[in-house]
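Q: In our numbering, the protein residues as written are 214 to 571.
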Amino acid sequence: MKESIRLGAAFAGVVVGAGFASGQEILQFFTSFGLWGVAGGIAAMAVFAFIGMNLASIGSSLKSKSHKEIIYKICGKPIGMFVDAVITFFLFGVAVIMYAGAGSLFEEQFGIPAVVGSLFMVVATMVTVLLNVQKIITVIGAVTPFLVAMIILLAGYSVMTADISGAEIARLAQEQDAAAPHWLLSAFLYVSFNIACSASMLAVMGGTVKDRKTAALGGAIGGGLLGVLILLVNVAMLTKLDAVGGAAMPTLALAAEISPILANIMAVVLLCMIYNTAVGMLYSFTARVSEAGTKRFKALVVLFGIGGFALSFVGFVSLVGTLYPITGYLGLVLIAAVVIYWVRKVALGARVGSETVS
214 MKESIRLGAA FAGVVVGAGF ASGQEILQFF TSFGLWGVAG GIAAMAVFAF IGMNLASIGS
274 SLKSKSHKEI IYKICGKPIG MFVDAVITFF LFGVAVIMYA GAGSLFEEQF GIPAVVGSLF
334 MVVATMVTVL LNVQKIITVI GAVTPFLVAM IILLAGYSVM TADISGAEIA RLAQEQDAAA
394 PHWLLSAFLY VSFNIACSAS MLAVMGGTVK DRKTAALGGA IGGGLLGVLI LLVNVAMLTK
454 LDAVGGAAMP TLALAAEISP ILANIMAVVL LCMIYNTAVG MLYSFTARVS EAGTKRFKAL
514 VVLFGIGGFA LSFVGFVSLV GTLYPITGYL GLVLIAAVVI YWVRKVALGA RVGSETVS
């Protein structure tokens, strides 16, 4: 059970990066639909848990060192080549978003130029990725409980001090930029782009777990935790939409409403979560194009880190609003492949069972 919880916390830690922890992703994919966004959060929780469970289980079975083995296993070679290329490309894209998010946070909260924040995050992630994968999993999972505690605090404060009507929530929600035209599609897109981006690291993490059932439970725990966090952040922002709707980092703005000290603590937690995702993305991307631990791998870590730093100047909010929905549509292919693989496995198990009985 301990191993499953460790894996689940690390899975959630990879997904919960700049956009999620800051509230910007939740604002665009859930809060913008008003109360329907709550239903979207519940749907996202179920899909996260199901996909996480299956990907971690397959990763354990194959002892995966990158996402390639899993993708080709569930998609076959023709579609697998396409999905592999898409995931690899967007792993780097999400790392760039994390660097941009760190820059935005440094500038918005501490008044430090964004370039300094981005550079700090690039150096921190490059140094960490040069460690072995077990240490990376431990580092990523260790920070997640602090974010959970902060989000529970913010959600509780928001609900207890809410002074906004349902009609006002609906009006303000419509003014936000929505990631998709419908709340259910938006929820699926949110899961699919996160799965597309985290599948690689989840495959690697699952590959480190010897027992397949332990890995599957870890994936399910991580997916369930993500769903709970989505609901908490969404409720917090819905009840304070008049105050945080226009902020680049809504959860940070909410923390600032309570106390400047809490805002600084939240900023540090956000940096840690940005760091988590950046580490996961940079490691997964580099491990896909070069064997981890080799001299070539280490050289590419530095090269990709520098390249990501240069691209981070596009801007955090613009990158979230543009890259994530596109990744989401493409990630639906991966989700469909996982579902089909699971159905076939269940059907095969039922057939073998009936033949045994006969």
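Where a beta carbon is used, it is the ideal one built from N, C-alpha and C, also for glycine.
(1) Looking only at its own chain, which residues have a Cβ that is under 6 Å from the Cβ of Val307, when we skip the five neighbours before and after it?
(2) Could you tell me whether the region 460 to 471 touches the region 226 to 245, where touching means 3 or more Cβ pairs closer than 8 Å?
(3) Quick one: complete alpha helix (DSSP H) runs, 4+ long, within the region 251 to 328?
(4) With distances taken from CA atoms, which of Leu483, Met450, Ile434 is nearest Ile218?
(5) Inspect the beta-carbon positions of Leu268 and Gly432 and report whether they are closer than 8 Å.
(6) Asp455 to Phe498, Cα distance in whole Å?
(7) Here's the rule I'm using: 16 or more other beta-carbon atoms within 10 Å means buried, otherwise exposed. How should Glu321 be labelled?
(8) At what residue ranges does the region 456 to 501 contain a whole run of the beta strand (DSSP E), taking only runs of 3 or more?
(9) For the region 422 to 431 against the region 270 to 278, do three or more pairs of beta-carbon atoms, one drawn from each stretch, fall closer than 8 Å, so that the two count as touching?
(10) Met450 by DSSP, collapsed to three states: which one?
(11) Mark Ala512 as exposed unless 16 or more other C-beta atoms lie within 10 angstroms of its C-beta, in which case mark it buried.
(12) How big is the Cα-Cα spacing for Glu504 and Ala386?
(13) Taking all protein chains shown into account, decide if Ile209 is buried (16 or more other Cβ within 10 angstroms of its Cβ) or exposed.
(14) Just how far apart, CA to CA, sit Val228 and Thr490?
(15) What's the C-alpha gap between Trp187 and Asn447?
(16) Measuring CA to CA, which of Gly253, Ala362, Gly354, Leu220 is closest to His395?
(17) By how many angstroms is the C-alpha of Ile365 removed from the C-alpha of Thr357?
(18) Let's test the definition: count the other Cβ atoms within 10 Å of the Cβ of Gly330 and tell me whether it reaches 16, buried, or not, exposed.
(19) By Cβ distance below 8 Å, which residues in the same chain neighbour Ile382 in space, the five residues on each side in sequence not counted?
(20) Please name the residue in Ser399, Met339, Gly324 whose C-alpha comes closest to that of Gly544.
(21) Please classify Asp424 as buried or exposed, where buried requires at least 16 neighbouring CB atoms within 10 angstroms.
(22) Would you tell me roughly how many angstroms separate the C-alpha atoms of Thr338 and Gly354, rounded to the nearest one?
(23) In the structure shown, what three-state DSSP assignment does Lys215 receive?
(24) Starting from the Cα of Leu402, find the closest Cα among Thr351, Gly226, Ala549 and give me that residue.
(25) Would you tell me roughly how many angstroms separate the C-alpha atoms of Val342 and Gly506, rounded to the nearest one?
(26) Using 8 Å as the threshold, is the C-beta distance between Val546 and Val361 below it?
(27) Please confirm whether Met214 and Gly436 have their CB atoms less than 8 Å apart.
(28) Assuming contact is defined by CB atoms lying nearer than 8 Å, are Leu483 and Leu367 in contact in what I supplied?
(29) Which two residues bound the contiguous alpha helix (DSSP H) that contains Leu344?
(30) Which word fits Ser571, buried or exposed, when buried means at least 16 other C-beta atoms lie within 10 angstroms of its C-beta?
(31) Taking only the alpha-carbon atoms, compute the straight-line gap between Ile553 and Gly459 and give it to the nearest angstrom.
(32) Three-state secondary structure (DSSP) at Gln237?
(33) Rounded to whole angstroms, what is the Cα-Cα separation between Met373 and Ala449?
A: Taking the structure as given:
(1) Cys410, Met494
(2) yes
(3) 281 to 288, 290 to 318
(4) Ile434
(5) Taking the C-beta atoms as reference points, Gly432 is found nearer than 8 Å to Leu268.
(6) 39 Å
(7) Buried, because 16 or more other Cβ atoms sit within 10 Å of the Cβ of Glu321.
(8) none
(9) yes
(10) helix
(11) exposed
(12) For the pair Glu504 and Ala386, the Cα-to-Cα distance works out to about 46 Å.
(13) Outside the displayed range of the chain (214 to 571) lies residue 209, so it cannot be described from this structure.
(14) 6 Å
(15) This structure does not reach residue 187, given that the chain is present from 214 up to 571, and the question cannot be answered.
(16) If you compare the alpha carbons of Gly253, Ala362, Gly354, Leu220 with that of His395, the shortest gap goes to Gly253.
(17) 13 Å
(18) buried
(19) Cβ within range, chain order: Gly247, Leu248, Leu451, Thr452, Leu454.
(20) Ser399
(21) exposed
(22) 15 Å
(23) helix
(24) Ala549
(25) The alpha-carbon atoms of Val342 and Gly506 are separated by roughly 10 Å.
(26) no
(27) No.
(28) no
(29) Premise fails: Leu344 is in no alpha helix (DSSP H) and is neither H nor E.
(30) Reliability of the predicted coordinates at Ser571 is poor, the pLDDT of 49 falling under 50, and the value obtained from them is presented with this limitation in mind. Label assigned to Ser571: exposed.
(31) 40 Å
(32) helix
(33) 10 Å
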